[in-house]
Every structure is written in structure tokens, then in C-alpha cells.
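J.: Residue numbers (the numbering used here), protein chains in the order written: chain Y, 37 to 146; chain U, 32 to 152.
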């Protein structure tokens, strides 16, 4: 049971916009930054979004994120086949004094 | 370009201690960043194990804290993970990561390729 809650799966067709939610609490998401990671099949995860809504260099602006209260969401617009991956949200948890992850969302591009 | 490379045995017997090392190139681990370990059981999600700073400060996942030690050798530019009393539940791909400049940020911006460690009975 992960501290952060994500839907186990999501899907969309090429060109569509999809969103992935991440739900937490006041000890993590509400009072700390949210981060998103993309894990392509067979690869190590990659930082996708940091500090709630910032993209590292090289990450397309098709990827965006927002936070409201104790929840966050990742949006992918103009969906492409290469976006098929697992996506994880993460945050620092003040109560646990540690890092917590969501359980991950497997995105399928139909 | 910062690169991280995990090394260690791929097979560990149950009840023994898992030991891994992460060699860092392209950046001195004694400068500014925290460094950590994350694991991923086969077919499952990510789990943070712990993080270390060159000052010696460590932060551990409460669920693993009693069994985990993370240490650092700045002269070799590497850091290590030790996990004692392993069971089959510790079978996972273990990643070493650069954590970020502030421990409460979860900015894992560099990852090793990962090493699969299997615990055998």
C-alpha cells in the first residue's frame, strides 16, 4: 500500500490528452513539492517533472503538472507511442521524514 | 556528465547481508548533493531505501531502518548500501541515485542502470 495513491492504469490514443492523478495528504503533497518520474520498459526511471511543475531540460512541453491541496496531476498532451511507460509521483513526507512514492500508473497508448 | 554505476553480487542467501556499491563519475560526491538508493521489486513500484550526505547525515525509510546502513567513501567517489537479514521480499532491482541539494526535495536527477539482486533460500 503506497502512501501516495495513483490509478494503476491509464490509456489514450495518439494525439489525445491524458491525465494521471496522485493523491496524498498534508504531510506530503500539500506541504511539499511533487515530482514525477517516467519509466520506459526495461529502463531506469527518469525525472520528468520537479518542484510541482518544472520540466528538466530535454523534457517536451507536452508534459505538464499541477498541484492543488493534497493532490497533483500529470498531463500529457499530444500523446505519442513513445509515451507508453510507467509514471510515478513522489514527495517528501514530513511525518515519515522520508521519500514516498505513488504505486505507479501504467500508461498505454492504444 | 554525471554517471552512476551499481555493483555487487546478484545473488544473496536469505538471512545474509546484501551489499552494493555505487561508483560515481563526473561529479564529486563530496560537493553539495545528497545520494541515495531506491529499489523496485520485479513487476512492482519504486521504494526509497535511504539517502546520505557527505557530512555523514543519513535518512532511512522507517520500514527498513533497522536493517539498512548507507555509507560513503569520498576518496573513491562512491557510496554503499548494506541491508541485513534479507528475505525473498528484498529481491529487487536496486538503483543508486543523485538525490538533490536539499533532502526534502525528491529530485532524483541521475540514476544508475540498476542491479538485480535475488535473495535465494
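Where a beta carbon is used, it is the ideal one built from N, C-alpha and C, also for glycine.
On the three-state DSSP scale, how would you describe residue 66 of chain Y?
T.: Start at 1 with the first residue of the first chain, and residue 66 of chain Y comes out as number 30. Looking at residue 66 of chain Y - three-state DSSP - the assignment turns out to be helix.
J.: Among U:74, U:40, U:143, which has the Cα closest to the Cα of residue 120 of chain U?
T.: Working through the second chain from its first residue, we reach residue 120 of chain U at position 89. Per the Cα distances, U:74.
J.: Is residue 130 of chain Y helix, strand or coil by DSSP?
T.: Counting from 1 along the first chain, the entry for residue 130 of chain Y is found at position 94. Three-state result, residue 130 of chain Y: coil.
J.: Output needed in chain order: residues of the stretch 69–81 of chain U with a Cβ under 9 angstroms from some Cβ in chain Y.
T.: Result list: 69, 71, 75, 76, 77, 78, 79, 81.
J.: Starting from the beta carbon of residue 83 of chain Y, find every residue of chain U whose beta carbon is closer than 7 angstroms, and list them in chain order.
T.: Here residue 83 of chain Y corresponds to residue number 47 of the first chain, with the count starting at 1. The contacting residues are 138, 139, 140.
J.: Can a CB atom of chain Y be found closer than 8 angstroms to the CB of residue 34 of chain U?
T.: As a working note, residue 34 of chain U is residue 3 in the second chain. Not one chain Y Cβ lies under 8 angstroms of residue 34 of chain U.
J.: Rounded to whole angstroms, what's the CA-CA distance from residue 103 of chain Y to residue 152 of chain U? Just pull it up for me.
T.: Within the first chain, residue 103 of chain Y is the residue found at index 67, counting from 1. Within the second chain, residue 152 of chain U is the residue found at index 121, counting from 1. Going by the C-alpha atoms only, they are around 45 angstroms apart.
J.: So residue 143 of chain U and residue 80 of chain Y are in contact, right, with Cβ under 8 angstroms, and what is the actual spacing, rounded?
T.: Locating residue 143 of chain U in the second chain gives position 112, where the first residue counts as 1. Locating residue 80 of chain Y in the first chain gives position 44, where the first residue counts as 1. Rounded, the Cβ-Cβ distance is 7 angstroms, consistent with contact.
J.: Buried or exposed: where does residue 70 of chain U fall if 16 or more other Cβ atoms within 10 Å of its Cβ makes it buried?
T.: Numbered from 1 along the second chain, position 39 holds the residue referred to as residue 70 of chain U. Counting Cβ neighbours within 10 Å, residue 70 of chain U comes out buried, since at least 16 surround it.
J.: Can you look up residue 122 of chain Y in the DSSP assignment and give me helix, strand or coil?
T.: Counting from 1 along the first chain, the entry for residue 122 of chain Y is found at position 86. Strand.
J.: Can you find a C-beta in chain U that's less than 8 angstroms from the C-beta of residue 86 of chain Y?
T.: To locate residue 86 of chain Y, count along the first chain from 1; it is residue 50. Judged by the 8 angstroms Cβ criterion, residue 86 of chain Y is in contact with chain U.
J.: Give me the residue from Y:139, Y:97, Y:127, Y:61 with the minimum Cα distance to residue 119 of chain Y.
T.: Reading the first chain from its first residue, position 83 is the one you call residue 119 of chain Y. It is Y:97.
J.: Assign residue 204 of chain Y to one of two classes, buried (16 or more other C-beta atoms within 10 Å of its C-beta) or exposed (fewer than that).
T.: The structure shown does not extend to residue 204 of chain Y, since chain Y is modelled only from 37 through 146, so no value can be given for it.
J.: Given that residue 108 of chain Y touches chain U, what residues does it touch there, using C-beta distances under 8 angstroms?
T.: Position 72 of the first chain, counted from the first residue, corresponds to residue 108 of chain Y. The contacting residues do not exist; residue 108 of chain Y stays about 12 angstroms from chain U at best.
J.: Quick check: residue 131 of chain Y and residue 63 of chain Y, are their CB atoms within less than 8 angstroms of each other?
T.: If you number the first chain from 1, residue 131 of chain Y lands on position 95. If you number the first chain from 1, residue 63 of chain Y lands on position 27. Yes, the Cβ-Cβ distance between residue 131 of chain Y and residue 63 of chain Y is below 8 angstroms.
J.: Only counting the same chain, and skipping five residues up and downstream in sequence, which positions put a Cβ closer than 8 angstroms to that of residue 136 of chain Y?
T.: The count along the first chain starts at 1 and reaches residue 136 of chain Y at position 100. Answer for residue 136 of chain Y: 38, 39, 40, 60, 64, 126, 127, 128, 129, listed in chain order.
J.: Identify, in the order they occur along the chain, each residue of the same chain with its Cβ nearer than 6 angstroms to the Cβ of residue 54 of chain U, setting aside the five sequence neighbours on each side.
T.: The residue given as residue 54 of chain U occupies position 23 in the second chain. Cβ within range, chain order: 36, 109.
J.: How would you label residue 97 of chain U, buried or exposed, when you count the other beta carbons within 10 angstroms and need 16 or more for buried?
T.: The sequence position of residue 97 of chain U within the second chain is 66, counting from 1. Exposed, by the Cβ-count rule.
J.: Have a look at U:148, U:134, U:40, U:140 and flag the residue whose alpha-carbon is nearest the alpha-carbon of residue 157 of chain U.
T.: With chain U running from 32 to 152 in the structure shown, residue 157 of chain U is simply not present.
J.: Is the beta carbon of residue 128 of chain U sitting closer than 8 angstroms to the one on residue 150 of chain U?
T.: If you number the second chain from 1, residue 128 of chain U lands on position 97. If you number the second chain from 1, residue 150 of chain U lands on position 119. Cβ distance not < 8 angstroms, so residue 128 of chain U and residue 150 of chain U don't count as in contact.
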